[in-house]
Amino acid sequence: MSPTTAIIAACLLPLCGAPLIALLGRRENLRDAVTVLIAVATFATVCTLVPAVTAGARPSVHLIEIFPNLALVFQVEPLGMLFALVASGLWIATSIYAFGYMRGHHEENQTRFFFFFAVAISAALGAAFSGNMLTLFFCYEVLTLSTYPLVTHHRSEEAKAAGRIYMGILLSTSIGFLLLAMIATYHIAGTLAFVPGGILTGRASEWIIGVLLLLYAFGTGKAALMPFHRWLPSAMVAPTPVSALLHAVAVVKTGVFTIVKIVVYIFGIDLLAETGAGTYLTYVACITILGGSLIAMTKDNLKARLAYSTISQLSYIVLGAALANNWGIIGASMHIAMHAFGKITLFFCAGAIMVALHKTEISDMKGIGRQMPFTMGAFLIASLSIIGLPPLGGAWSKWYLVLAGLEAEHYIAVGTLLLSSLLNIAYLMPVAVNAFFYPAPEGSHGRQEAPLACVLPLLFTALGSLILFFYPGPLLDLCRQIGR
Amino acid sequence: MIAAHLPILQIILPLLAAPICVLIRPQKFVWPFVLIVSWATLGLAAMMLNQVLLSGPISYALGGWEAPWGIEYRVDLLNAFVILLVALIGAVVLTYAPESVKREIDGDRQPYFYAAFLLCLTGLLGICITGDAFNVFVFLEISSLSTYGLISLGRDRRALTAAYNYLILGTIGATFILIGIGLMYMMTGTLNMADLASRLQGVNHTRTIQVAFAFLSVGLTLKLALFPLHIWLPNAYTYAPSVVTAFIAATATKVSVYVFLRFVFTIFGADFAFGTMHIDYLLLPLALAGIFVASAVAIYQSNLKRLLAYSSVAQIGYIMLGISFGTITGLTAGIVHLFNHALMKGALFLAVGSIFLRINSVQLDDLSGLGKRLPVTSFAFVLAGLGLIGVPLTVGFISKWYLLLAAIEAGWWPVAVLVLISSLMALVYIWRFVETAYFRPVPDDAPPVSEAPLLMQIPMWLLIALAIGLGVQTSLTAGIAQRAALWLLAGAP
Chain A
1 MSPTTAIIAA
11 CLLPLCGAPL
21 IALLGRRENL
31 RDAVTVLIAV
41 ATFATVCTLV
51 PAVTAGARPS
61 VHLIEIFPNL
71 ALVFQVEPLG
81 MLFALVASGL
91 WIATSIYAFG
101 YMRGHHEENQ
111 TRFFFFFAVA
121 ISAALGAAFS
131 GNMLTLFFCY
141 EVLTLSTYPL
151 VTHHRSEEAK
161 AAGRIYMGIL
171 LSTSIGFLLL
181 AMIATYHIAG
191 TLAFVPGGIL
201 TGRASEWIIG
211 VLLLLYAFGT
221 GKAALMPFHR
231 WLPSAMVAPT
241 PVSALLHAVA
251 VVKTGVFTIV
261 KIVVYIFGID
271 LLAETGAGTY
281 LTYVACITIL
291 GGSLIAMTKD
301 NLKARLAYST
311 ISQLSYIVLG
321 AALANNWGII
331 GASMHIAMHA
341 FGKITLFFCA
351 GAIMVALHKT
361 EISDMKGIGR
371 QMPFTMGAFL
381 IASLSIIGLP
391 PLGGAWSKWY
401 LVLAGLEAEH
411 YIAVGTLLLS
421 SLLNIAYLMP
431 VAVNAFFYPA
441 PEGSHGRQEA
451 PLACVLPLLF
461 TALGSLILFF
471 YPGPLLDLCR
481 QIGR
Chain B
485 MIAAHLPILQ
495 IILPLLAAPI
505 CVLIRPQKFV
515 WPFVLIVSWA
525 TLGLAAMMLN
535 QVLLSGPISY
545 ALGGWEAPWG
555 IEYRVDLLNA
565 FVILLVALIG
575 AVVLTYAPES
585 VKREIDGDRQ
595 PYFYAAFLLC
605 LTGLLGICIT
615 GDAFNVFVFL
625 EISSLSTYGL
635 ISLGRDRRAL
645 TAAYNYLILG
655 TIGATFILIG
665 IGLMYMMTGT
675 LNMADLASRL
685 QGVNHTRTIQ
695 VAFAFLSVGL
705 TLKLALFPLH
715 IWLPNAYTYA
725 PSVVTAFIAA
735 TATKVSVYVF
745 LRFVFTIFGA
755 DFAFGTMHID
765 YLLLPLALAG
775 IFVASAVAIY
785 QSNLKRLLAY
795 SSVAQIGYIM
805 LGISFGTITG
815 LTAGIVHLFN
825 HALMKGALFL
835 AVGSIFLRIN
845 SVQLDDLSGL
855 GKRLPVTSFA
865 FVLAGLGLIG
875 VPLTVGFISK
885 WYLLLAAIEA
895 GWWPVAVLVL
905 ISSLMALVYI
915 WRFVETAYFR
925 PVPDDAPPVS
935 EAPLLMQIPM
945 WLLIALAIGL
955 GVQTSLTAGI
965 AQRAALWLLA
975 GAP
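Structural data, given as structure tokens:
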């Protein structure tokens, strides 16, 4: 398959698969098999692009011109490649998990669920392969709209209220700030193309660059920078597979991916380093890192705690980008992958506990390690990866992020990263530790794991975190090429 | 042969067809006849635009009397574009009409309805095509009088007061326009637009011409429903039959905007209007106030048609805001939104018509669970509504992009921010429908209903397809709008 065909195919496969899934709605087994098939085919298609991109090629497709000098363009570069691999790869695991979960939990309207899920993945891949800011913005908004029916899946009053916050924050930040920043950039630079080294150098004064960066960063509501983070905990009313793939991987990663992409290809890290425009953003990121962790500690609901943990972890990536040096970019982009594997595992575990034991509150989870040893084992591994301890993948990204802080001589950032690791230990470890060190709860009878379709994916993703520690090579190769 | 007489055919065809409607027996043949006429009109409009694109403006001397003595029909890029829009909406709405008309209008009045509809179409097309200032007034009266009649056909008795209200205010507007034209004639002795444009150069420092400009501006802003002269609009849209609302919402105000552009830019010229008369000082605040006030009022409406009517007032604000910048990008934004808003609002009102046909109400409270009862129509409404918010991949986004770009180019950042805030207000009023339709349960006593017939679905989806397709393929709309804007500012008549 030629690279250009592969780009189109990767974006269209889930999109065209969605109606097929809807048509097969009545025949559940066939529908679910087709979903997995599409996911595998999509991942395989994305993989065919890897050799060319690693070798330095930047395959692109020009579609239609929408505004003068501004077309729908898809172009694969290392950062997008990385994000596409993560999103499409984890989609396979999530689809399998979703069958187990949705059936085990007796969810209604499963066809609608799988339909919008496929559309959302398509949008995420489109965002990953965007060749300019306009294309990225289009995919970003499609992702918001297509995940709304997933977030409000239960159609309850609670879902309605959560949906309002979700749409309200995501749409108003993207229309209010991001679009404004884009149009201003287009006015200043005459283009919105992603160019290594940026398009703004020498075209705008320092304070305009600073204002634009903040507009972009807050406009990307999906990155959940405080104070625009409230939508993420709200989105947790969705069924767990949605929280797992979309609100730990696809949606939120599209947010931070957008920020990294803007920093590298719209501003250029040199410009940010020279003007010091990233300074304010580093403080916002630090506040979000610590604030997210602190709030996470107060939450007893497992999914809510994970949501705030995600908010905090996303800002690691924003921090890496805002530090504006090569280590920071490498650390930020590696963290996209590392955090994805860790956090999706944690959400899978939370869902598995819900399916098997119908428990959602952490205080009820003492001793469940004896009932669900595999699930809680995976939970422990993933927690360690999020904290950033070897031998797990999360250690690498944190390593590079701290290096970036030292290089920039930004000691507040370094201190924040270290303090945050301690906070991570404080809010994640008790869950796993209490699960194993307390006796099994009264009335439990032996092992009580979730269905196999739920357990296998979470073991797989936990294993992924482990493998990424020992073989970070290919990932690092991609990350090193970003911006070249 | 046909090619040489396209401009007059465009008017004669619907004009002559209108009285024939009343004569046709049996009545069931009326609609097929009207349908053929409307699509033929659209075909002519498309041919004319094509001809203008290929070989430049067309000038047609009526009855062989050369301008400036005779009446000249003059078709250039701008009005060919608006004519295509009007003819398109006319054809689409008439295709949609029969079921809805049977439901909302008494049997023996239906031929009169179709006749009035064609007359209204004729009037709107005529306003656009003519190159004669007095002729504009004549066609304006033809379209207005038929519109008053069409509105009064609504089932609700309040349609009568709405029509009467519009009659009074519309007549005031038309009179103002006539006074303006009269004053110009007094000073120049000509009514031909091209001739007027060149002769005004010498006299436009006089108070008479300045007064003429003021009368014309006020009269036209009343007809195009710029806040605060919009008060005739909400009731008229709410109580008119669904088909009429869809048609006039998508065309009538747009044509008035066209006349405004024609008078301000090609007859008076941008230098006079913006430099001497400072019309932007008036338009910009009023447009912004209209956007905010009308959007805010729309949020609190309980009647879906009235909600959309107030939304129209706000959207007209966007069009006028673009025009008030007086720059190429600003005018592009105004003209492109004129077209885009017509598509979106047309689609929305057609969806509302389908809802009324099946549910027999357009009160939001009666639409609980509509997403389950009429899934296709509800989805159509949501799609068109997303366009109104300005979501990417819809035409609404294209309009908003140009509008924001124009504001930033002019260095008016606060205006750009206000426009963005206002699109969030559109989000709120569209979301009221979404939450009613998808989150409230279907009432227990709700009878089962089926979707509207295919003949109503197809026109509605056609407009939605255009509203999305033209949001991606922008060369037709934004491309033409930009050329028209360039040409308007160049000042050539």
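In order, the protein sequence lines correspond to chains A and B. With our numbering, you'll find the first sequence wraps up at 484, consecutive numbering, no jumps. With our numbering, you'll find the second sequence wraps up at 977, consecutive numbering, no jumps. Heads up, the beta-carbon is just placed ideally off N, CA and C, and yes, glycines get one too.
Within chain A, the residues that residue i reaches when beta carbons sit closer than 9 Å
| i | result |
| --- | --- |
| Glu-919 (chain B) | Lys-160, Gly-163, Arg-164 |
| Leu-562 (chain B) | Going along chain A, no residue has its Cβ under 9 Å from Leu-562 (chain B), so there is no contact; the nearest lies around 20 Å. |
| Ser-904 (chain B) | Note that residue 904 (chain B) corresponds to Leu in the displayed sequence, not to Ser. Within 9 Å Cβ-Cβ: Ser-172, Ile-175, Gly-176, Phe-177, Leu-179, Leu-180. |
Within chain B, the residues that residue i reaches when beta carbons sit closer than 9 Å
| i | result |
| --- | --- |
| Arg-155 (chain A) | Tyr-922, Phe-923, Pro-925 |
| Phe-113 (chain A) | By Cβ distance, chain B contributes nothing, its closest Cβ being about 15 Å from Phe-113 (chain A), past 9 Å. |
| Leu-145 (chain A) | Leu-870, Val-875 |
Bridge partners - residue i, DSSP secondary structure assignment
| i | result |
| --- | --- |
| Val-73 (chain A) | A:His-62 |
| Phe-67 (chain A) | A:Leu-70 |
| Arg-558 (chain B) | B:Ser-543 |
| Thr-614 (chain B) | B:Tyr-557 |
| Glu-487 (chain A) | In the structure displayed, chain A extends from 1 to 484; residue 487 (chain A) sits before or after that span and is not available. |
| Ala-9 (chain A) | In the DSSP output, where bridge partners are listed per residue, Ala-9 (chain A) has none listed. |
| Asn-676 (chain B) | B:Asp-616 |
| Asn-132 (chain A) | A:Ala-193 |
Under 7 Å by beta carbon: chain A residues contacting residue i
| i | result |
| --- | --- |
| Leu-907 (chain B) | A small fix is needed here, since residue 907 (chain B) is Ser in this sequence, not Leu. Within chain A, the residues near Ser-907 (chain B) are Ile-175. |
| Gln-799 (chain B) | Those do not exist, as Gln-799 (chain B) stays about 16 Å from chain A at its closest Cβ, beyond 7 Å. |
| Ala-930 (chain B) | Ordered by position in chain A, no residue passes the 7 Å Cβ test against Ala-930 (chain B), which lies about 17 Å from the chain. |
| Trp-885 (chain B) | Phe-67, Ile-183 |
Proximal chain B residues relative to residue i, where beta-carbon distance stays under 8 Å
| i | result |
| --- | --- |
| Ser-172 (chain A) | Leu-908, Leu-911 |
| His-187 (chain A) | Leu-889, Ile-892, Glu-893 |
Nearest neighbour of residue i, chosen from the options [CA to CA]
| i | options | result |
| --- | --- | --- |
| Ala-488 (chain B) | B:Val-866, B:Ala-545, B:Val-875 | B:Ala-545 |
| Thr-579 (chain B) | B:Ser-522, B:Ala-658, B:Leu-911, B:Leu-717 | B:Ser-522 |
| Ile-269 (chain A) | A:Pro-233, A:Gly-320, A:Thr-298, A:Ala-307 | A:Gly-320 |
| Val-576 (chain B) | B:Val-727, B:Gly-540, B:Val-622 | B:Val-727 |
| Ile-964 (chain B) | B:Asp-679, B:Leu-706, B:Leu-815 | B:Leu-815 |
| Ile-508 (chain B) | B:Arg-967, B:Asp-592, B:Leu-939, B:Arg-842 | B:Asp-592 |
| Tyr-265 (chain A) | A:Ile-329, A:Ala-244, A:Gly-198, A:Ala-382 | A:Gly-198 |
| Leu-384 (chain A) | A:Ser-397, A:Met-365, A:Val-402, A:Ile-425 | A:Ile-425 |
| Ser-130 (chain A) | A:Tyr-216, A:Phe-194, A:Leu-90 | A:Phe-194 |
| Ser-444 (chain A) | A:Thr-111, A:His-358, A:Asp-477, A:Ala-33 | A:His-358 |
Outcome for residue i when other beta-carbon atoms lying within 10 angstroms are tallied against a minimum of 16
| i | result |
| --- | --- |
| Leu-954 (chain B) | buried |
| Asp-849 (chain B) | exposed |
| Cys-479 (chain A) | buried |
| Met-372 (chain A) | buried |
| Ile-839 (chain B) | buried |
| Val-695 (chain B) | exposed |
| Glu-361 (chain A) | exposed |
| His-62 (chain A) | exposed |
| Pro-552 (chain B) | buried |
| Ala-976 (chain B) | Caution is warranted here: a pLDDT of 45 is assigned to Ala-976 (chain B), below 50, making its placement in the model unreliable, and the coordinate value is therefore given only provisionally. So Ala-976 (chain B) counts as exposed. |
| Met-670 (chain B) | exposed |
| Ala-158 (chain A) | At residue 158 (chain A) the sequence reads Glu, which differs from the Ala that was named. Burial call: exposed. |
| Asp-928 (chain B) | exposed |
| Ser-786 (chain B) | exposed |
| Cys-553 (chain A) | Here chain A comprises residues numbered 1 to 484, so residue 553 (chain A) is not present and cannot be evaluated. |
7 Å Cβ cut-off: residues of chain B touching residue i
| i | result |
| --- | --- |
| Phe-218 (chain A) | Per Cβ cutoff of 7 Å: no residues; Phe-218 (chain A) is ~13 Å from chain B at best. |
| Ala-184 (chain A) | Ile-892 |
| Ile-64 (chain A) | Val-956, Gln-957 |
| Glu-141 (chain A) | Val-875, Pro-876 |
Partner residues on chain A for residue i, Cβ-Cβ distance less than 8 Å
| i | result |
| --- | --- |
| Ala-900 (chain B) | Leu-180, Ile-183 |
*Which whole runs of the alpha helix (DSSP H) in the region 871 to 954 of chain B are 4 residues long or more, in chain order?*
Listed in chain order, the complete alpha helix (DSSP H) runs (minimum 4 residues) inside the region 871 to 954 of chain B are 879 to 893, 897 to 923, 938 to 953.
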